[in-house]
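Residue numbers (the working numbering), protein chains in the order written: chain B, 3 to 113; chain S, 81 to 191.
Yeah, the Cβ is synthetic: ideal placement off N, Cα and C, and Gly gets one too.
First up is the structure itself, then whatever we jot down about it.
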Amino acid sequence: EAQVTQNPRYLITVTGKKLTVTCSQNMNHEYMSWYRQDPGLGLRQIYYSMNVEVTDKGDVPEGYKVSRKEKRNFPLILESPSPNQTSLYFCASSFGYSPLHFGNGTRLTVT
Amino acid sequence: GESVGLHLPTLSVQEGDNSIINCAYSNSASDYFIWYKQESGKGPQFIIDIRSNMDKRQGQRVTVLLNKTVKHLSLQIAATQPGDSAVYFCAENIVGNQFYFGTGTSLTVIP
């Protein structure tokens, strides 16, 4: 089944403790992206990657890192999480000029 | 970044009635638009898309209308069913795979 898989689905952590949210897609998509979703603000792009080893900042990149060492994986790294990064995170992928396929989300709480 | 707005944050309809969800966009260079459905606890799912060289596109029970003159997009759902209850987002694409999302309209179907 074609899908985007994020892990974990839920994560509670404390300020400053490094964490990684994994994202994997099995559709051989070149493009991958991370978004955060907050009430009243919709989906905002954090980082995106056009292909392996090619990443770029989205609209809200501060406090986040990404890497794209393989085509299928695009992990989101929070080196020192803060409470304002409490949010619902989505990974997405697409091929060419086509709709994004989204994962089911990771709900992160930073205390 | 580009903003994409929705006219109404919530919409309630009777089962069997038609639903219309609206979206305004501000960038006249946008040439590709997508509607997504997001159910509770899930990621956004693709419903239908339309490119700027069209003004109407139909799917199964859904129709998207694009009015480039007033930069307006709408999603029509025919014979709305309880399973249609969800949050609906419009997204606009300006270049490449970059999308900007509206904040969403919550559709509630009353049995």
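Identified DSSP bridge partners for residue i
i                        : result
aspartate 40 of chain B  : B:Gly44
lysine 136 of chain S    : S:Leu145
glutamine 125 of chain S : S:Lys117
serine 35 of chain B     : B:Tyr50, B:Ala94
leucine 91 of chain S    : S:Leu187
leucine 80 of chain B    : B:Leu21
valine 6 of chain B      : B:Gln27
valine 68 of chain B     : B:Leu78
tyrosine 112 of chain S  : S:Arg131, S:Asn173
serine 132 of chain B    : Lying outside 3 to 113, the shown extent of chain B, residue 132 of chain B is not represented and no answer is given.
serine 99 of chain S     : S:Ile157
Whole-number beta carbon distance between residue j and residue i, since they are thought to touch under 8 Å
i                            : j                        : result
asparagine 117 of chain B    : lysine 122 of chain S    : In the structure as shown, chain B starts at 3 and stops at 113, and residue 117 of chain B therefore has no counterpart that could be examined.
serine 186 of chain S        : valine 167 of chain S    : 5 Å
glycine 65 of chain B        : serine 84 of chain B     : 7 Å
serine 99 of chain S         : threonine 183 of chain S : Contact doesn't hold; Cβ gap of about 18 Å is too wide.
leucine 78 of chain B        : tyrosine 91 of chain B   : 7 Å
phenylalanine 169 of chain S : proline 124 of chain S   : 6 Å
leucine 146 of chain S       : aspartate 164 of chain S : That pair is no contact at about 21 Å.
tyrosine 105 of chain S      : arginine 131 of chain S  : Actually they do not touch by this definition, with Cβ atoms about 14 Å apart.
Limits of the unbroken beta strand (DSSP E) element including residue i
i                            : result
glutamate 172 of chain S     : 166 to 173
valine 16 of chain B         : From DSSP, valine 16 of chain B is part of no beta strand (DSSP E); its letter is neither H nor E.
phenylalanine 179 of chain S : 179 to 181
valine 112 of chain B        : 108 to 112
valine 1 of chain B          : With chain B running from 3 to 113 in the structure shown, residue 1 of chain B is simply not present.
Cβ neighbours of residue i in the same chain (closer than 7 Å, five flanking residues each side left out)
i                           : result
serine 26 of chain B        : Thr7, Arg74, Asn75
proline 191 of chain S      : Glu95, Pro162
isoleucine 174 of chain S   : Glu82, Asn107, Ala109, Ser110
glutamine 87 of chain B     : Gly65, Leu80, Leu110, Val112
phenylalanine 59 of chain B : Just to set this straight, residue 59 of chain B is lysine in the shown sequence, not phenylalanine. Closer than 7 Å at the Cβ level, and outside the excluded window around lysine 59 of chain B, lie Tyr49.
Cut-off 6 Å between Cβ atoms - residues of its own chain near residue i, not counting five sequence neighbours on either side
i                         : result
aspartate 40 of chain B   : Ser89
isoleucine 114 of chain S : Asp129, Ala171
asparagine 53 of chain B  : Glu32
alanine 4 of chain B      : Met29
Cβ shell of residue i (< 8 Å), same chain only, five flanking positions each side left out
i                           : result
threonine 57 of chain B     : Tyr49, Tyr50, Ser51, Val68, Ser69, Arg70
leucine 13 of chain B       : Leu21, Val23, Thr108, Arg109, Leu110, Thr111
phenylalanine 97 of chain B : Met29, Asn30, His31, Glu32, Tyr33
valine 142 of chain S       : Trp115, Ile127, Ile128, Leu155, Gln156, Ile157, Ala158
glutamate 72 of chain B     : Val54
proline 89 of chain S       : Thr183, Gly184, Thr185, Ser186
Residue-chain proximity (residue i, chain D), Cβ-Cβ < 8 Å
i                      : result
tyrosine 66 of chain B : Within the model displayed, chain D is absent; protein chains B and S are what it includes.
Check your understanding: What are the residues of the region 117 to 145 of chain S that lie near chain B, defined by any Cβ-Cβ distance shorter than 8 Å?
Key -> Gly121, Lys122, Gly123, Pro124, Gln125, Phe126, Asp129
Review point. Using a beta-carbon distance cut-off of less than 9 Å, what residues from the region 42 to 53 of chain B approach chain S?
Key: Gly42, Leu43, Gly44, Leu45, Arg46, Gln47, Tyr50, Met52
Practice item. For the region 148 to 181 of chain S, enumerate the residues whose C-beta is nearer than 9 Å to any C-beta of chain B, in chain order. Key: Phe169, Ala171, Asn173, Gly176, Asn177, Gln178, Phe179, Tyr180, Phe181
Practice item. Could you list the residues in the region 74 to 96 of chain B with a C-beta less than 7 Å from some C-beta on chain S, going in chain order? Key: Phe92, Ser96
Practice item. Compile a chain-ordered list of the residues in the region 97 to 114 of chain S whose CB is closer than 8 Å to at least one CB of chain B. Key: Tyr112, Ile114
**Study point:** Residues within the region 101 to 112 of chain B neighbouring chain S, beta-carbon criterion of under 8 Å
**Key:** Pro101, Leu102, His103, Phe104, Gly105, Asn106, Gly107
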